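Peer 1:
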Amino acid sequence: MVEPVFDGRFSGRASLPLRAWGSIALLGLALLGCAREPLPCLLELEEGDLVITEIRGPQEGVDTRGEWFEVLNASDRMLDLEGLRGELVNLKGSLELGFLVRESLPVAPGGYVVLGSLADPPPEVDYSFNADFTVDERVEDSDGTLLIPVTLDSDPKELFANARVELWACDQLVDSVVYAELPSMGTYAYDGALPPDAEGNDDPTRWCTDATPAPEGGPQTELGLPGSPGEVNPPCG
């Protein structure tokens, strides 16, 4: 697995010219049609209403299933995830990936949704955030963290080799997971023998690699180890 690298990395505190260049970069992306307007606050959730239960990163060999996140509706009510924001910060704290659910995405209590990065996603992916996937350089400034857009040549956009993943609804942090490494064969899966919740998935000992092969029989329309998207994961161990 290869972590996205920005060769022109900045160091130290951001100067005023740097902030100006950041603004110019954002304006340029908007004028070119590469940046889309953010959504207003549409989604009111509480911490723990959603739980991250499985992550599929870049795979070795030929793969058509792509990278994705599986999310459980752990609340007792029907949810529409339009407006949900995802943020990934690599463990160095130098780069940030972001994605947005821009369309209606209903999920029943106890149900799962799979959010993927491929523009042409496989059937198991419920929503593709490809058009709203961003990469930013994080530079510390006296006013906080400055995000400067970075262009990655790879598509599909790859997830970081190690990162903190956060799900946000407006200004509410709903769930987060830290992973040190994603499997290059299969998925990083929460233990299916345990009830998933936003505190339990903070424990890395409750996660394992799901390298279960695709079921035999019938036509195989996708390549790569599938994981268990949209359903309870296999038990770890």
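Everything in the sequence shown is counted per the numbering used here, starting at 1196 for the first residue and increasing by one.
Heads up, the beta-carbon is just placed ideally off N, CA and C, and yes, glycines get one too.
Please read all numbers here as calculations on a predicted model, not as lab measurements.
In the DSSP assignment, find the unbroken beta strand (DSSP E) run with V1308 in it and report its ends.
Peer 2: Position 113 of the sequence shown, counted from the start, is the residue given in the question as residue 1308. Y1307 to G1311 is the span of the beta strand (DSSP E), which, as asked, contains V1308.
Peer 1: If you follow the beta strand (DSSP E) that T1248 is part of, which residue opens it and which one closes it?
Peer 2: Position 53 of the sequence shown, counted from the first residue, corresponds to residue 1248. Counting along the chain, the beta strand (DSSP E) containing T1248 begins and ends at L1245 to R1251.
Peer 1: With a CB to CB cut of under 7 Å and the five nearest residues on each side skipped, what residues in its chain are close to G1422?
Peer 2: On the sequence shown, position 227 is the one that residue 1422 refers to. E1249, R1251, G1381, T1382, A1384 and D1405, listed in sequence order.
Peer 1: Quick check on this structure: which residue in D1331, V1296, Y1307 and S1289 has the alpha carbon closest to the alpha carbon of Y1322?
Peer 2: Taking the sequence shown and counting its residues from 1, one reaches residue 1322 at position 127. Residue V1296 is the option with its Cα nearest to Y1322.
Peer 1: Residues bridged to S1371 by DSSP?
Peer 2: Here residue 1371 refers to the residue found at position 176 of the sequence shown. Looking at the DSSP assignment, S1371 forms a beta bridge with E1361.
Peer 1: Along the chain, where does the beta strand (DSSP E) containing A1384 start, and where does it finish?
Peer 2: Sequence index remark: in the sequence shown, residue 1384 carries index 189 (1-based). A1384 -> beta strand (DSSP E) spans T1382 to Y1385.
Peer 1: Nearest-angstrom Cα distance between D1275 and P1378?
Peer 2: In the sequence shown, the residue the question calls residue 1275 occupies position 80. In the sequence shown, the residue the question calls residue 1378 occupies position 183. CA-to-CA, the gap between D1275 and P1378 works out to about 30 Å.
Peer 1: Which same chain residues end up closer than 8 Å to W1363 when comparing Cβ atoms and leaving out the 5 residues on each side of it in sequence?
Peer 2: As a first step, residue 1363 is located in the sequence shown; it is residue number 168 there, counting from the start. Sequence-distant Cβ neighbours of W1363 in its own chain, meaning closer than 8 Å and more than five residues away, are L1279, R1280, G1281, E1282 and V1369.
Peer 1: Pick out whichever of T1416, D1392 and L1237 has its Cα sitting closest to the Cα of E1298.
Peer 2: Working through the sequence shown from its first residue, we reach residue 1298 at position 103. The residue with the shortest Cα to Cα distance from E1298 is L1237.
Peer 1: In its own chain, which residues sit with a C-beta less than 8 Å from the C-beta of F1448, not counting the 5 before and 5 after it?
Peer 2: Since the first residue of the chain shown is 1196 and the last is 1432, residue 1448 is not available in this structure.
Peer 1: Exposed or buried, A1358, counting other C-beta atoms within 10 Å across all chains shown (16 or more means buried)?
Peer 2: Position 163 of the sequence shown holds residue 1358. Buried, by the Cβ-count rule.
Peer 1: Which two residues bound the contiguous beta strand (DSSP E) that contains C1403?
Peer 2: Working through the sequence shown from its first residue, we reach residue 1403 at position 208. W1402 to D1405 is the extent of the beta strand (DSSP E) around C1403.
Peer 1: Is E1239 close to the ligand HEM? I mean its beta-carbon at under 7 Å from any heavy atom of the ligand.
Peer 2: Questions concerning the ligand HEM fall outside what the structure shown contains, since it holds no ligand whatsoever.
Peer 1: Give me, in chain order, the residues of the same chain whose beta-carbon lies closer than 8 Å to that of E1242; leave out the 5 immediate sequence neighbours on both sides.
Peer 2: Translated into positions along the sequence shown, residue 1242 becomes position 47. Within the same chain, E1242 has close Cβ partners Q1367, L1368, V1369, D1370 and A1393.
Peer 1: If you drop the 5 nearest sequence neighbours on each side, which residues of the same chain put their C-beta closer than 7 Å to that of D1271?
Peer 2: Looking up residue 1271 in the sequence shown gives position 76. These residues qualify, in order along the chain: P1304.
Peer 1: Looking only at its chain, what residues have a beta carbon closer than 8 Å to the beta carbon of A1375, apart from the 5 residues adjacent to it on each side?
Peer 2: Against the sequence shown, residue 1375 aligns to sequence position 180. Closer than 8 Å at Cβ, skipping near neighbours: L1286, N1357 and P1399.
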